[in-house]
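> Here it is, the structure in full.
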Amino acid sequence: MNQYLQSSATAQEGELCVGGVGVFAGYLDRDDLTAKALVEIDGELYYRTGDLVTIDKNGLLYYQGRKDHQIKLHGQRIELGEIERCLLNITSISACVVMKWNDDYLVAYVQSSDINEQQLREHCQSHLPPHMVPSIFIILDKLPLNSNGKTDRKLLPSPHFSSVHLTNTIELFL
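In structure tokens:
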């Protein structure tokens, strides 16, 4: 579905919505969550997954990332998962997380013991548009995990911009 809750055209990115008899009726005593998760279209209830997909002419779906990991930075829409996938293409990186910091910068946290910031920056500059290249890369031996085994973003160290030379052209104009 597109932003207007209409079926997306072939190759157009949209949110995956699931309908049918298996869709739940809502969250118990959580009308706020129910309103965000469920939408009624033509009398049928659909669950909004938060997953962004495209569909090809054969009806096959292609996962593009999460809707809730999309940000706007300096007027540009950025899918953080796209930057993370770019970094994960480097064989020495076993995990990474990219976050927007203070509404002005992209910070990449990388789990690796065999890479430096310059290599990460060069890789991103050769595979991503300039506005998607992180301003700072923080290399850690291990990313902190929560009890569910997912990266605990609250435990990631704060970046220290004072000791970093920003090279992203967008930041140079700020």
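First residue of the sequence shown? That's 1 in full-length UniProt numbering, and the numbers climb one at a time after it. Cβ atoms here follow ideal geometry from the backbone N, Cα and C, with glycine treated the same way.
Comparing C-alpha positions only, which one of Ile55, Asp29 and Ala37 sits nearest to Thr49?
If you number the sequence shown from 1, residue 49 lands on position 49. Closest in alpha carbon position to Thr49, among Ile55, Asp29 and Ala37, is Ala37.
> Assign Tyr109 to buried or exposed, taking buried as 16 or more other Cβ atoms, counted over all protein chains shown, within 10 Å of its Cβ.
Taking the sequence shown and counting its residues from 1, the one referred to as residue 109 is at position 109. Classification for Tyr109: buried.
> Compute the distance between the beta-carbons of Pro134 and Ile83, then report whether it is under 9 Å.
Within the sequence shown, numbered from 1, the residue matching residue 134 stands at position 134. Within the sequence shown, numbered from 1, the residue matching residue 83 stands at position 83. Yes; because the gap between Cβ atoms is below 9 Å, this pair is in contact.
> Select from Val21, Ala9 and Leu80 the residue whose C-alpha is nearest the C-alpha of Asn58.
Within the sequence shown, residue 58 is the residue found at index 58, counting from 1. Asn58 has its Cα closest to that of Ala9, out of Val21, Ala9 and Leu80.
> Which residue from Thr151, Glu15, Asn2 and Lys100 puts its Cα closest to that of Lys72?
Reading the sequence shown from its first residue, position 72 is the one you call residue 72. Among Thr151, Glu15, Asn2 and Lys100, the Cα nearest to that of Lys72 belongs to Lys100.
> Short check: CB of Met132 to CB of Ile55, under 9 Å?
Start at 1 with the first residue of the sequence shown, and residue 132 comes out as number 132. Start at 1 with the first residue of the sequence shown, and residue 55 comes out as number 55. No; because the gap between Cβ atoms is not below 9 Å, this pair is not in contact.
> At the level of alpha carbons, what is the spacing between Phe173 and Lys142?
Here residue 173 refers to the residue found at position 173 when the sequence shown is read from its first residue. Here residue 142 refers to the residue found at position 142 when the sequence shown is read from its first residue. Low local confidence applies: a pLDDT of 43 at Phe173 is under 50, so the model's placement there is unreliable, and no value is given.
> Quick one, which of Gly43, Thr151 and Cys96 has its alpha-carbon nearest Gly19's?
Residue numbering aside, residue 19 sits at position 19 when the sequence shown is read from its first letter. Ranking the options by Cα distance to Gly19, first place goes to Gly43.
> What span of residues does the beta strand (DSSP E) with Leu80 cover, start to end?
The residue you call residue 80 lines up with position 80 of the sequence shown. Counting along the chain, Leu80 falls outside any beta strand (DSSP E), though it belongs to the alpha helix (DSSP H) covering Leu80 to Leu88.
> Of the residues Glu13, Lys154, Ile90 and Gln125, which one's Cα is nearest the Cα of Arg66?
Here residue 66 is taken as the residue at index 66 of the sequence shown, counted from 1. Answer by Cα proximity: Glu13.
> Would you mind reading off the limits of the beta strand (DSSP E) that contains Ala35?
Counting from one through the sequence shown, the residue named residue 35 turns up at place 35. From DSSP, Ala35 is part of no beta strand (DSSP E) but of the alpha helix (DSSP H) over Asp31 to Ala37.
> Can you tell me which of Leu45, Gly26 and Gly81 puts its alpha carbon nearest to the alpha carbon of Val53?
Taking the first residue of the sequence shown as position 1, residue 53 is located at position 53. Closest option to Val53, Cα to Cα, is Gly81.
> Given this structure, state the Cα-to-Cα distance separating Asn116 from Ile41, to the nearest angstrom.
One-based indexing of the sequence shown puts residue 116 at position 116. One-based indexing of the sequence shown puts residue 41 at position 41. Between Asn116 and Ile41, the C-alpha separation is close to 50 Å.
> If you scan the UniProt domain "AMP-binding enzyme C-terminal" (82-150) from start to end, which runs of the beta strand (DSSP E) of 3 or more residues do you find wholly inside it?
95-101, 105-111 and 136-140
> Between which two residues does the beta strand (DSSP E) carrying Arg48 extend?
Position 48 of the sequence shown, counted from the first residue, corresponds to residue 48. Unbroken beta strand (DSSP E) run through Arg48: Glu44 to Ile55.
> How long is the line joining the alpha carbons of Ser26 and Leu16, rounded to whole angstroms?
Against the sequence shown, residue 26 aligns to sequence position 26. Against the sequence shown, residue 16 aligns to sequence position 16. A small fix is needed here, since residue 26 is Gly in this sequence, not Ser. About 18 Å.
> Sorted by chain position, which residues of the same chain lie with C-beta nearer than 6 Å to Val23's C-beta, five sequence neighbours on each side aside?
Here residue 23 refers to the residue found at position 23 of the sequence shown. Result list for Val23: Leu45 and Tyr47, in chain order.
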